[in-house]
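Quick note: the sequence shown, position 93, residue 198 per my numbering, numbers continuous.
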Amino acid sequence: MDYICMDWRELMKQKWILTGAAFSLAAVLSGCSNIPVLNQLQNSQAQTQTDSMGETKEQTVPAQTTPTQTDAPVIENSTGEIDEARAKEIALAHAGVPETEADITKLKLDYEDGRQVYEIEWYANGAKYDYEIEVATGEVIKSGYEAKNSPDTGSGVTTDEETAKQTALARVSGATEKDIYEWKLDYDDNRPEYEGKIIYGDMEYEFTIDANTGEILEWDMDSVYD
Numbered sequence: 106m107d108y109i110c111m112d113w114r115e116l117m118k119q120k121w122i123l124t125g126a127a128f129s130l131a132a133v134l135s136g137c138s139n140i141p142v143l144n145q146l147q148n149s150q151a152q153t154q155t156d157s158m159g160e161t162k163e164q165t166v167p168a169q170t171t172p173t174q175t176d177a178p179v180i181e182n183s184t185g186e187i188d189e190a191r192a193k194e195i196a197l198a199h200a201g202v203p204e205t206e207a208d209i210t211k212l213k214l215d216y217e218d219g220r221q222v223y224e225i226e227w228y229a230n231g232a233k234y235d236y237e238i239e240v241a242t243g244e245v246i247k248s249g250y251e252a253k254n255s256p257d258t259g260s261g262v263t264t265d266e267e268t269a270k271q272t273a274l275a276r277v278s279g280a281t282e283k284d285i286y287e288w289k290l291d292y293d294d295n296r297p298e299y300e301g302k303i304i305y306g307d308m309e310y311e312f313t314i315d316a317n318t319g320e321i322l323e324w325d326m327d328s329v330y331d
């Protein structure tokens, strides 16, 4: 009888041990089965945080704008070819000499370093002025000033400019005043003289006329090709 009781107790003890082991194993298996679910939940939370950060970053990045380009202003060139009257006006204004005080002794069209220019010479206030004005732009490209006694242009000049020109043109058959390329009143030992140049056909004529007597003092003729 005692033996039977011991076997029953032993059997019950083993039963409880086995039951506890079964419960432990079930708990372990249950925990393992939930790992993928837990990982999935963690990944989902991480993705949600990442998306949230990405949205925040996109909201805080300022939009880039392309600067508006403006066309450079067009500067119009208002200058153009000028005539003798305008060239004289520019030269006198540059020198600060009123036209009423200037005795113009030279005004001609010439070339300087490949540019067409007006050469202008005059006396005023005891000084001699020499200027070159560019025809294309009206720019003063040369100016000179020399203090000296101005010649008395009213003394000894008994032959006017028009008469002297006709005297020179009479020596060149067919030539007119438009063929006179140089003309000026100058002084040699206080004697007034007209100096000029005529280009007609293939010939060039340079001359000096006494402004007192109207006599031709010098006359040179040469080919324009020499």
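Beta carbons: idealized from backbone N, C-alpha and C, even for Gly.
Residue pairing for Val245: DSSP places it in a beta bridge opposite Ile238.
In the structure shown, Ala232 adopts extended strand secondary structure according to DSSP, grouped into three states.
Of all alpha-carbon atoms in Gly306, Phe312, Val277, the one lying nearest the alpha-carbon of Lys289 is that of Phe312.
Inside the segment 181-215, DSSP marks whole alpha helix (DSSP H) runs of 4 or more residues at positions 189-200, from first to last along the chain.
Nearest Cα to Arg191 within the set Tyr310, Ser328, Glu237: Glu237. Linking Met326 to Glu300 through their CA atoms gives a straight-line distance of about 14 Å.
Under DSSP, the beta-bridge partners assigned to Asp293 are Arg296.
Separation of Ile225 and Thr210 (C-alpha to C-alpha, rounded to the nearest whole angstrom) is 8 Å. Counting along the chain, Glu266 sits inside the alpha helix (DSSP H) bounded by residues 266-274. Check the Cα spacing between Ser278 and each of Ala316, Gly306, Glu239: the tightest is with Gly306. Straight through space, the alpha carbons of Ala273 and Glu323 are spaced by roughly 11 Å.
Ala196 sits buried, since 16 or more C-beta atoms from the chains shown fall within 10 Å of its C-beta. For a cut-off of 8 Å, the C-beta gap from Thr264 to Asn317 is around 7 Å, short enough to register as a contact.
As computed with DSSP, Thr313 is found in a beta bridge with Glu300, Glu323.
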